[in-house]
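In case it helps, the working numbering puts the first sequence at residues 34 to 962.
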Amino acid sequence: MEYNFRDIESRWQQRWRDDKTYRVRIDPDKPKYYVLDMFPYPSGAGLHVGHPLGYIASDIYARYKRQKGFNVLHPMGYDAYGLPAEQYAIQTGQHPAVTTDENIRRYRQQLDKIGFSFDWDREIRTSDADYYKWTQWAFIRMFDSYYCNTTQQARPIGELIECFERQGNIGLDIAHTEEIEFDAEEWKLWDERRRSEVLMNYRIAYLAETAVNWCEKLGTVLANDEVQDGVSIRGGYPVVQKMMKQWSLRVSAYAQRLLDGLDSLDWSQSIKETQRNWIGRSEGAEMVFYTEGEDPVAINIFTTRADTVYGVTFMVLAPESEYVSLVTTADQKDEVDKYLEQTRKRTERERIADRRVSGVFSGSYAVNPVSHCRIPIYISDYVLAGYGTGAIMAVPAHDSRDYAFARHFSLPIVPLVEGADVSEESFDAKEGTVINSPAGTPAEGQLVLNGLSVSEAIEAAKKYIVASGLGKVKVNYRLRDAIFSRQRYWGEPFPIYYKDGVPCTVDEKDLPVVLPEIDKFLPTDTGEPPLGRAADWTYRGYPLELSTMPGFAGSSAYYLRYEDPQNSDALVSTEANGYWRNVDLYLGGSEHATGHLIYCRFWTKFLFDYGYIKDDEPFAKLINQGMIQGRSNFVYRIKNTNTFVSYSKKESYDTTEIHVDVNLVENDILDTDRFRRWQPEFADAEFIVDADGKYRCGWAVEKMSKSMYNVVNPDDIVERYGADTLRLYEMFLGPVEQSKPWDTKGIDGVHRFLKRLWALVYDAQGNLLLDDRQPTEEELKTLHKTIKKITYDIENFSFNTSVSAFMICVNELSTAKCSKKAIIEPLAVILAPFAPHIAEEIYSLCGNSTTVCDAAFPECDERHLVEATVKYPVSFNGKVRFTLDLPADMSVEEVEKSALAHDETQKWLQGKAVRKVIVVPRKIVNIVM
RNA sequence: GCCCGGGUGGUGGAAUGGUAGACACGAAGGACUUAAAAUCCUUUGGCUUCACGGCUGUGCGGGUUCAAGUCCCGCUCCGGGUACCA
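As structure tokens, then:
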């Protein structure tokens, strides 16, 4: 009987739905296991064949764990808020909720066809009010918190207020935005507005002035990639760098914990490294330089190279630095203003793209506090306001950026490392022996560094700076606070209202603050965000916040909500979280390394600090599935004609390479009739073909995208080959973590495998072949070596090699014509995670009435794998010359004796003496001559 | 620039330091068939030989080892991430 995958798959999918096979409940008698996929943003294009790759891998693991006796939580949902639906709404007036709903329906249809073991009763959508209520709730908790650096945790803001009433902020070590100092008396004198402002300096969710790309004409903030050459890409309106009040999350407070936490995570080395770089911890010193003159300005700088203080030949301030106005002299003011105006117009992106040296002299000089040299102060945009103190001491000999600047402005360059040649470029490496620090003795209070290694010198210099009161040792992080406001409609509203301009939180009992309906999805005429159009956007008579939250808001705690999705009293109950805990296995793309995966860890640590959840890391193990690339096909049109020449002959003509839809091509051979029908311009195309009459296309691996005509849709594959074939083939392509091109042509191999398996169950006439006969030792060996391999492979996420192992197994059973239930049934059980439909069918044909999902995954019985003999390769000086069958339990000495006694040995020795014989038991013999 | 990955047949890819190319695709030849599809069998890294066989071969150059695709050093090319972070 033919392998009718359509019938088998639709029948079992129905059965799973009817029986709620994939529903999970808390079961204290079973160990839990939580497998999660990064939930998708439901785009209008639907799923292409690359999307399910990770879902299939995680599904295999989830099903395997279930068969191993775990209670497996394996949910799915949608990251439903997002820009594309809103852009579409602006263009068409179609409400984003409608678009999103449609897209979700399509996603679900596509997912359902692939046979995943998701518990859909737990589905969540970030745009559901029942869900985003808890996003808003978390925001309120963050607003009501500060971060205590001493205990390294979030604490209620109320404690801080009490503290301020007692002692002000003196002596407190709290994460903050600005350095300010006040005592209890001052605090008590301030009015509510001022106190609110001061508290904002400490809240974990806070409102602050932040630099953004502002487009006046469009009335909105733009992302860096929406701006080019100082104008908006859409419309070409001018964009300026502007300080704007934005909500932010104090992620930076958690920098050290986010860094330390990485050590305990089973994530790939590369993604941990990316996060470490992103967090960017650097240890250095902050030091004060004073300007010359009667009223000296104290300029605080940050450096990781305190050892180079004798090589400082100038200073540089960021254009946005508050020191700028303090040090600019009257005669330089015009120059400086011109420069500031120039840089203000440039976006950060442009500053990065355009590395031309630019800058301006402030007119002032400072004094190096260690060497007491007089050095000029410049202003340049190569120094960033947002990092360190926004001011640097420049050491051109040992910093390439300072070097370029010094060269441009002809400033002196003083090398401090022995042998460093700085005539062409700076010597940035932290190695070598220090020279050129002045003579003197430490006893005279002099910093002496000569003769030390650079790393010793850094330590010595830091010690000196602290001891002599010139500055302090400081750790800086590159990680910045996350800007949390968007002037957009399709996102979570903030649970914030403004009472006489003072931001206050909505009462928790009044959550959720539901996204209001508006007439147009555009900013208001007065330039306010779209929510400004809502009819009654107030709370207790006060105006509500008009921004909405960004994309990462809804994805930062979603994994917790799956544990208890219907709970209306809490994000997740203590009971549910106590059982399900954090995610054991998380699958998703590595592109989220510095976004979602940082924010989610931050959010988790925050909730953990308050004891809402039991783990301070969200994802214990992370696997990044590779990207599935497209494999594009090309045809070659002879220029100025409508004649196309086959790939092999294209060199003889002057041709243009044109993308052709891969669905018109099979094994690189073009279906010329369908090609003519594909687009009107090709209707009368002529072809110069190969000798066999076929038109062969060229090909290339590119990103899978519509414009390259290389998108392959999973529905089409399922329709043609079935879901089990799709699942197996996606795994068979290669290692999950690796990126690889999709080429449908290889799919026949795995489809044939399933047909061969099916042929063991039914013969061509439709007779059931399964029987109850005793299996032979050979058959048992085939089965058990497969069990062993599959178990090992699943646990190591090596699914491509599992598929090969299944093929080998079925090939062997086919040769043996084995249709014995004693073999086929356990084979169906271990195949179930990969190809659940056919596995269910075969398992049921073996006489079972329960689902194969609950069939225990069989253990390998090593007794069946014992070999009586071993085929020893015998090599001479490492080159294998012949093989020798010997008893497996033969001693090393006897193996050696047998090898030396063999006829062939004499031939290969060619009269040379045997110097040594290496015998690796059960592996190899190597004779050294 | 820096940080990660990675270079193995025509293609996707296998290989705890122990017979490189498993398993597939494709290709070539054959069987079955009126024919096609489907299925099955054989061959398939390169060079060489009538053949047995031999030589060579995992990006390049060195090294360690009885033995290297695998470990070490230096280079090179490709892919990804990140970037005036002082």
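Ideal Cβ placement from N, Cα and C applies to all residues, glycine included.
Because the structure is a prediction, the values reported are computed rather than measured.
Residue burial classification, residue i (beta-carbon count within 10 angstroms, cutoff 16)
| i | result |
| --- | --- |
| Val698 | buried |
| Leu801 | exposed |
| Leu898 | exposed |
| Met24 | It is not possible to answer for residue 24, since the shown part of the chain is limited to 34 through 962. |
| Ile203 | exposed |
| Ile875 | buried |
| Tyr235 | buried |
| Leu766 | buried |
| Met962 | exposed |
| Tyr55 | buried |
| Thr184 | exposed |
| Ser470 | buried |
Spatially closest choice to residue i from the options, by CA coordinates
| i | options | result |
| --- | --- | --- |
| Tyr530 | Leu577, Lys505 and Val508 | Leu577 |
| His935 | Pro954, Met277 and Arg914 | Arg914 |
| Gln279 | Leu295, Tyr239, Ala318 and Ile875 | Tyr239 |
| Glu927 | Leu503, Gly944 and Arg955 | Arg955 |
| His128 | Tyr522, Glu464, Glu624 and Leu766 | Tyr522 |
| Val539 | Arg338, Tyr572 and Glu214 | Tyr572 |
| Tyr111 | Tyr795, Ala889 and Ser588 | Ser588 |
| Ala494 | Pro402, Gln520, Cys886 and Glu225 | Pro402 |
| Thr559 | Val131, Asp597 and Leu579 | Leu579 |
| Gly621 | Trp220, Glu211, Ala868 and Asp92 | Asp92 |
| Asp687 | Asn700, Ala861, Arg806 and Lys672 | Lys672 |
| Trp167 | Phe72, Ala797, Tyr591 and Gln662 | Tyr591 |
| Ser160 | Ala849, Val546 and Val744 | Val546 |
| Leu893 | Asp152, Leu816 and Gly524 | The amino acid occupying residue 893 in the given sequence is Cys; Leu does not appear at that position. Per the Cα distances, Leu816. |
| Leu846 | Ala399, Asn829 and Leu790 | Leu790 |
| Ile59 | Gly87, Arg155 and Asn136 | Arg155 |
| Tyr742 | Val734, Asp749, Asp805 and Ser665 | Ser665 |
CB contact flag (residue i, residue j, <8 Å)
| i | j | result |
| --- | --- | --- |
| Ile857 | Leu793 | yes |
| Ile334 | Thr422 | yes |
| Leu291 | Ala515 | no |
| Asp723 | Ser685 | no |
| Ile412 | Val467 | no |
| Gly465 | Val447 | no |
| Leu919 | Ser931 | yes |
| Val695 | Phe667 | no |
| Pro85 | Ala113 | no |
| Val345 | Val428 | yes |
| Glu353 | Ala286 | no |
| Arg670 | Asp701 | no |
| Tyr97 | Ile827 | yes |
| Asn833 | Met737 | no |
| Phe867 | Ser835 | yes |
| Thr337 | Glu316 | yes |
| Gly663 | Val744 | yes |
| Arg199 | Ala171 | no |
| Asp704 | Asn675 | no |
| Val605 | Asp617 | no |
In DSSP terms, what residue i is bridged to
| i | result |
| --- | --- |
| Cys1 | With the chain covering 34 to 962 only, the question about residue 1 has no answer from this structure. |
| Gly663 | Glu735 |
| Asp804 | Lys853 |
| Gly584 | According to DSSP, which records beta bridges pairwise, Gly584 is partnered with nothing at all. |
| Ser281 | Tyr239 and Ile516 |
| Arg188 | Tyr179 |
| His692 | Phe667 |
| Asn509 | Ser315 |
| Asp602 | DSSP output for Asp602 lists no bridge partner at all. |
| Ala424 | Leu350 |
| Ile412 | Leu350 and Val393 |
8 Å contact criterion, which residue i and residue j should meet: CB distance rounded
| i | j | result |
| --- | --- | --- |
| Ile951 | Tyr905 | Not quite, the Cβ-Cβ distance comes to about 12 Å (not below 8 Å), so this is no contact. |
| Met175 | Phe639 | 6 Å |
| Lys822 | Ala838 | 4 Å |
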